[in-house]
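Student: There's a structure below that I have some questions on.
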Amino acid sequence: MAKSLADILRVAREQINEISGDALEALLLSNRDDVLIVDVRDVEEYQKNRLPGAIHAPRSHIEELADLEYGHRHPELSAARERMVVLYCRSGSRSALATVALQEMGFQNIHSLAGGITVWDADDKPVILD
Numbered sequence: 000m001a002k003s004l005a006d007i008l009r010v011a012r013e014q015i016n017e018i019s020g021d022a023l024e025a026l027l028l029s030n031r032d033d034v035l036i037v038d039v040r041d042v043e044e045y046q047k048n049r050l051p052g053a054i055h056a057p058r059s060h061i062e063e064l065a066d067l068e069y070g071h072r073h074p075e076l077s078a079a080r081e082r083m084v085v086l087y088c089r090s091g092s093r094s095a096l097a098t099v100a101l102q103e104m105g106f107q108n109i110h111s112l113a114g115g116i117t118v119w120d121a122d123d124k125p126v127i128l129d
């Protein structure tokens, strides 16, 4: 039987750790420089608004950018296997799927922002606007 997106996301969310906006905001306010925030949305979305300090690694390229052996890897992301990494997207779906992929690549302390930037913004948390 074919799976729906909802089925795939349900399985993904059973395999990952999600972090609430409040918990992430507390980490950011404590100035923890060991937390890497990664925006997995498309470039147009990232340029519109993003979480403070977020790097950009689109979901469509996350495995390439995180691979230590790939020639065009993202240096900060690919080296972050031991760091706390928080991925986010618009609603939490792409980041959940990307979290599963990075877990499979050996990332140890990786989380998806529950509800994505939509919930973050609705809770009036800080964003960078371009």
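Sequential numbering from 0 applies to the sequence shown in numbering that gives the first Met the number 0. For every residue, glycine included, the Cβ atom is placed at its ideal position computed from N, Cα and C.
#1: Count the other C-beta atoms from every protein chain shown that fall within 10 angstroms of the C-beta of Ala133, then say buried if there are 16 or more, exposed otherwise.
#2: In terms of DSSP beta bridges, what is Met83 paired with?
#3: Does the separation of the CB atoms of Val99 and Ala11 fall below 8 Å?
#4: Can you tell me the Cα-Cα spacing of Ala78 and Asp123, whole angstroms?
#5: Which whole-angstrom value describes the C-beta separation of Arg58 and Ile127, a residue pair presumed to lie in contact below a C-beta threshold of 8 Å?
#6: Taking the alpha carbon of Arg72 as the reference point, which residue from His60, Met83, Arg82 has its own alpha carbon closest?
Tutor: On the basis of the coordinates in this document:
#1: Not covered by the structure: residue 133. The range shown for the chain is 0 to 129.
#2: In the DSSP output, where bridge partners are listed per residue, Met83 has Val34, Asn108.
#3: Taking 8 Å as the Cβ cut-off, Val99 and Ala11 qualify as a contacting pair.
#4: Rounded to whole angstroms, the separation of the alpha carbons of Asp123 and Ala78 is 31 Å.
#5: A Cβ-Cβ separation of about 20 Å leaves Arg58 out of contact with Ile127 under the 8 Å criterion.
#6: Looking at the Cα atoms, His60 is the closest of the given residues.
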